[in-house]
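Written below as structure tokens is the structure these notes are about.
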Amino acid sequence: MSSDHDEQDGDGSPARSQDLAFDPVANRVDFLDSAITYLKSSEDPRNLKYAVLHLQAAIEILVKVRLQREGFEHIFEDPYSADESKLSQGNFRSVTMDDALKRLARVADLHLAKSEVDALKFLNRERNKLQHFGSTSNHEVVNTRAAAALDVLSKFILEHLGPDAPEIEAGPFEQAEDLIHDALKTIVALNQARLARIAPELDRWPGIVIHCPACLQIAWTFEPHDATSRCRFCGRDWSQEHGQEAAEDYVSEVLNESRHDAAQGMGGWSVSECPECGFEALVDVATRADPTSFLTTACFHCGFRTTGQLGCCGRCGRTTPEPDDVICSHCMRDLASKD
Numbered sequence: 200m201s202s203d204h205d206e207q208d209g210d211g212s213p214a215r216s217q218d219l220a221f222d223p224v225a226n227r228v229d230f231l232d233s234a235i236t237y238l239k240s241s242e243d244p245r246n247l248k249y250a251v252l253h254l255q256a257a258i259e260i261l262v263k264v265r266l267q268r269e270g271f272e273h274i275f276e277d278p279y280s281a282d283e284s285k286l287s288q289g290n291f292r293s294v295t296m297d298d299a300l301k302r303l304a305r306v307a308d309l310h311l312a313k314s315e316v317d318a319l320k321f322l323n324r325e326r327n328k329l330q331h332f333g334s335t336s337n338h339e340v341v342n343t344r345a346a347a348a349l350d351v352l353s354k355f356i357l358e359h360l361g362p363d364a365p366e367i368e369a370g371p372f373e374q375a376e377d378l379i380h381d382a383l384k385t386i387v388a389l390n391q392a393r394l395a396r397i398a399p400e401l402d403r404w405p406g407i408v409i410h411c412p413a414c415l416q417i418a419w420t421f422e423p424h425d426a427t428s429r430c431r432f433c434g435r436d437w438s439q440e441h442g443q444e445a446a447e448d449y450v451s452e453v454l455n456e457s458r459h460d461a462a463q464g465m466g467g468w469s470v471s472e473c474p475e476c477g478f479e480a481l482v483d484v485a486t487r488a489d490p491t492s493f494l495t496t497a498c499f500h501c502g503f504r505t506t507g508q509l510g511c512c513g514r515c516g517r518t519t520p521e522p523d524d525v526i527c528s529h530c531m532r533d534l535a536s537k538d
């Protein structure tokens with residue numbers, strides 16, 4: 200049975216397991232070369248599709264190459280069913296990308312930062328969109344996110360694949376590094392040119408401009424529920440998004456936080472209740488005017504924003520609009536109703 204998890208051949212069909220992780224690395228760098236070629240002309244929807252498919256496949260292959268160094272059984276979905284006959288014939292299901300990264304952490308003590316994992320997972324999500332809906336994000340979003348994924352891949356090759364690599368793999372890894380370096384230069388140049396083109400439009404915006412959770416550029420002219428609330432870089436329309444969902448997208452994609460991890464006590468979750476509208480959509484954001492500091496607090500539901508310090512109700516813990524507040528209006532009403 201061939202693997203059907205994550206990789207695609209050049210025609211978009213699932214690749215066989217032996218093609219994925221067990222051919223010489225030199226034969227698989229072509230996925231990366233192909234992906235970068237498609238990225239350079241990703242305004243065309245077909246090219247955009249294959250850029251996503253081939254880049255995701257290239258990254259997954261290289262992750263599994265590293266995992267296989269810990270033992271070929273680790274690249275089987277079920278390691279206990281692994282044997283060399285199945286390996287040589289490609290008659291097995293291979294491990295998913297997510298599980299491959301988890302196994303690398305467990306068996307090789309190789310841990311990627313959450314932001315790096317998120318950069319790689321974006322391509323998995325885009326691949327899934329293509330498989331199930333036949334569509335993907337626009338080329339501005341994909342180019343920006345692909346650059347982040349390529350940067351992670353470059354570091355992965357340098358730190359975890361290049362060292363101790365068999366001699367037969369050294370040349371292909373050098374080729375991959377050259378391809379990534381050239382691609383990043385091209386993508387950065389394109390993004391900078393587009394940002395320069397939209398700069399006058401952003402300069403004229405009377406409100407705040409913040410990171411777009413879709414493309415991660417500071418180009419979202421923020422004004423909840425208004426037609427002007429959209430990203431001027433990638434075109435994402437945020438005006439129809441539910442404020443709480445938009446706030447969660449911002450915290451997940453821009454701040455790299457996880458609600459699940461926060462619930463497990465493994466991190467923070469920077470969404471709180473707005474003192475104006477009461478919705479859980481209040482987030483500290485960075486703005487175009489101050490892109491490195493998250494000193495502006497904004498509600499993604501009602502549009503409330505302030506650069507001042509907020510308070511906290513001593514009774515229930517709700518956020519209050521003034522730093523000296525000791526009790527919120529909700530608690531005041533509750534206490535008054537009991538008198």
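Following the working numbering, the numbering of the sequence shown begins with 200 at its first residue and continues without gaps.
Glycine included, C-beta positions come from ideal geometry on N, C-alpha and C.
Please tell me whether THR519 and THR506 are closer than 7 Å, where the distance is taken between their beta carbons. No, these two residues do not count as a Cβ contact at 7 Å.
Go through the segment 335 to 389 residue by residue and report every complete run of the alpha helix (DSSP H) that reaches 4 residues or more, in order. Listed in chain order, they are 338 to 355.
DSSP on ARG302, reduced to helix/strand/coil? Three-state result, ARG302: helix.
Under 8 Å: do the segment 329 to 339 and the segment 361 to 380 share three or more Cβ pairs, one atom per stretch? No, the segment 329 to 339 does not touch the segment 361 to 380.
For LEU415, which residues in the same chain have their Cβ closer than 8 Å to its Cβ, ignoring the five residues on either side in sequence? Around LEU415: THR343, ARG344, ALA347, GLU452, VAL453.
Bridge-paired residues (DSSP) for LEU481: Residue pairing by DSSP places LEU481 opposite SER471, CYS498 in a beta bridge.
Going by DSSP, which residues form a beta bridge with SER293? In DSSP, SER293 forms a bridge with PHE275.
Output yes or no for whether 7 Å exceeds the beta carbon distance between ILE379 and VAL484. No. Outside cutoff.
Taking all protein chains shown into account, do 16 or more other C-beta atoms lie within 10 angstroms of the C-beta of LEU322, making it buried, or fewer, making it exposed? For LEU322, the number of other beta carbons within 10 angstroms of its own is at least 16, and it is reported as buried.
Please work out which residues of its chain come closer than 7 Å, Cβ to Cβ, to LEU266, disregarding the five sequence neighbours upstream and downstream, and give them in chain order. Apart from the 5 residues on each side of it in sequence, LEU266 sits with its Cβ closer than 7 Å to the Cβ of HIS273, ILE274, ALA299, ARG302, LEU303 in its chain, given in chain order.
Cross-strand partners of VAL408 (DSSP beta bridge): Its beta-bridge partners are THR420.
How should GLY442 be labelled, buried or exposed, when 16 other C-beta atoms within 10 angstroms of its C-beta is the threshold for buried? With 16 or more Cβ atoms within 10 Å of its Cβ, GLY442 is classed as buried.
With DSSP as the reference, label CYS476 as helix, strand or coil. Correct three-state label for CYS476: coil.
Look at the alpha carbon of PRO396 and the alpha carbon of ASP350, and state the distance between them as a whole number of angstroms. Checking the displayed sequence, the identity of residue 396 turns out to be Arg instead of Pro. The straight-line gap separating the alpha-carbon atoms of ARG396 and ASP350 is approximately 25 Å.
Would you grab the beta carbon distance between ALA480 and PHE499 for me? Rounded to a whole angstrom, and I think it's under 8 Å. Your pair ALA480 and PHE499 checks out as a contact, with CB atoms roughly 4 Å apart and the cut at 8 Å.
How far does the alpha helix (DSSP H) with PHE321 in it extend, from its first residue to its last? 313 to 332 is the span of the alpha helix (DSSP H), which, as asked, contains PHE321.
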